[in-house]
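The listed protein sequences derive, respectively, from chains A and B. Those letters in the first sequence? Residues 1 to 224, per my numbering, in order. Those letters in the second sequence? Residues 1001 to 1021, per my numbering, in order. In this text, a Cβ means the ideal position worked out from N, Cα and C, and glycines have one as well. Reading through the structure tokens given below for one structure.
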Amino acid sequence: PPPTPIRAAMTSIQMLRGDLPSNGDRPSATLATYFKNCTVDPTQDVQKRLETLGQAFSQKFGEAAGPHCVVYGQQRFGLAVRLYYKVMEAMLKSEEKRLSVQNFSKLLNDATFHTSLLACSLEVVMATYEESSFKNGGGDQTGTNLCFPWILNVLNLSAFDFYKVIESFIKAEPTLSKDIIKHLETCENLIMERIAWRTGSPLFELLQQEHASAAAEPVETTAS
Amino acid sequence: SHDYHFGLEEHEGISELFDCD
């Protein structure tokens, strides 16, 4: 017989936990070397950011799901941190191969990159936990109001910046289930069709810059 | 099918998306 929705969700959670190293709550030796190779070592900033965002996440999770659920929020954040480090390492290995460089100082000191990567990791963990509630059409004990784009408000991240990491994240983490990939694709479509066009989105500034640089370029004469 | 459609070219990666190449 097919697994019950609860059983299917439990299996997905177990797989997610199993794919993440138990000591993965800190950078591996390889990732630490990438940090050390930077012109400016990002180790302290990365650690400090995780502490700040972890507190913000737990607080908002408690507000949305109830104070008795704060511990579940902390567990989910812990899993997301392991996924964040794992995917970051895979992304850097792939970039090293592609660009033949080992110094990723600019990328690794970019707060938006780290926040986007963490947001994507959290979204994957949250979606894995809430899979059963989607399939049931109901809500689990934490409620469905925690689903995307809830995480963007919690981490104060623009949808446009979140969008940038999705494809690289999927490429870097081959163990993601089809359901999770489909979920990330749904987030991507939501951003592209609606959220990135809301007032205040950095997309407008970027479009303005592109327009200005295009206007400054001399117009090429038409080829005969 | 739920296969993800990859849009990035071989010469593009996360470094370019955050303007860091």
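When the Cα atoms are used, what is the spatial distance from residue i to residue j?
i: Pro218 (chain A); j: Lys164 (chain A); result: 31 Å
i: Leu50 (chain A); j: Leu184 (chain A); result: 22 Å
i: Ala212 (chain A); j: Phe204 (chain A); result: 12 Å
i: Ala111 (chain A); j: Tyr84 (chain A); result: 14 Å
i: Phe134 (chain A); j: Leu190 (chain A); result: Residue confidence for Phe134 (chain A) is low, a pLDDT of 49 falling below 50, so the modelled location carries little weight; the figure read from the coordinates is stated next. So the alpha carbons of these two residues sit roughly 17 Å apart.
i: Ile170 (chain A); j: Ile181 (chain A); result: 7 Å
i: His114 (chain A); j: Cys38 (chain A); result: 15 Å
i: Thr199 (chain A); j: Cys187 (chain A); result: 19 Å
i: Asp1003 (chain B); j: Asp179 (chain A); result: 10 Å
i: Glu1010 (chain B); j: Phe162 (chain A); result: 21 Å
i: Cys147 (chain A); j: Val125 (chain A); result: 11 Å
i: Gly18 (chain A); j: Glu1016 (chain B); result: 32 Å
i: Thr52 (chain A); j: Pro42 (chain A); result: 15 Å
i: Asn145 (chain A); j: Gly54 (chain A); result: 19 Å
i: Phe35 (chain A); j: Lys48 (chain A); result: 15 Å
i: Pro5 (chain A); j: His1005 (chain B); result: 27 Å
i: Ile13 (chain A); j: Leu20 (chain A); result: 11 Å
i: Trp150 (chain A); j: Ala127 (chain A); result: 12 Å
i: Ala196 (chain A); j: Asn109 (chain A); result: 24 Å
i: Pro202 (chain A); j: Pro2 (chain A); result: 45 Å
i: Asp25 (chain A); j: Arg82 (chain A); result: 5 Å
i: Asn136 (chain A); j: Glu130 (chain A); result: Any reading at Asn136 (chain A) must be qualified, since the residue scores a pLDDT of 47, below 50, and its modelled position is unreliable; no value is offered.
Is the CB-CB distance between residue i and residue j below 8 Å?
i: Glu89 (chain A); j: Leu31 (chain A); result: yes
i: Gly1013 (chain B); j: Glu95 (chain A); result: yes
i: Val46 (chain A); j: Ser105 (chain A); result: no
i: Glu173 (chain A); j: Val87 (chain A); result: yes
i: Leu207 (chain A); j: Phe1018 (chain B); result: no
i: Phe61 (chain A); j: Cys69 (chain A); result: yes
i: Met91 (chain A); j: Ser28 (chain A); result: no
How far does the alpha helix (DSSP H) with residue i in it extend, from its first residue to its last?
i: Pro174 (chain A); result: Here Pro174 (chain A) belongs to no alpha helix (DSSP H), and DSSP marks it neither H nor E.
i: Asp19 (chain A); result: Pro5 to Asp19
i: Arg198 (chain A); result: Careful: Arg198 (chain A) lies outside any alpha helix (DSSP H) and carries neither H nor E.
i: Leu203 (chain A); result: Pro202 to Ala216
i: Glu89 (chain A); result: Val70 to Leu99
i: Ser105 (chain A); result: Ser105 to Leu108
i: Val154 (chain A); result: Trp150 to Leu155
i: His1010 (chain B); result: The sequence shown places Glu at residue 1010 (chain B), rather than the His named in the question. Where Glu1010 (chain B) is concerned, there is no enclosing alpha helix (DSSP H), given that its DSSP letter is neither H nor E.
i: Glu1016 (chain B); result: Ile1014 to Leu1017
Exercise. Spell out a yes or no on whether the segment 144 to 163 of chain A and the segment 115 to 131 of chain A are touching, meaning 3 or more CB-CB pairs, one atom from each, closer than 8 Å.
Key: yes
_My parser needs the alpha helix (DSSP H) runs of 4 or more residues fully inside the segment 32 to 66 of chain A; what are they?_
43 to 65
Next item on the list: Would you check if the segment 99 to 113 of chain A and the segment 62 to 76 of chain A touch, i.e. whether three or more CB-CB distances between them fall below 8 Å?
Entry: no
Exercise. Does the count of Cβ pairs from the segment 3 to 11 of chain A and the segment 70 to 88 of chain A closer than 8 Å reach three?
Worked result: no
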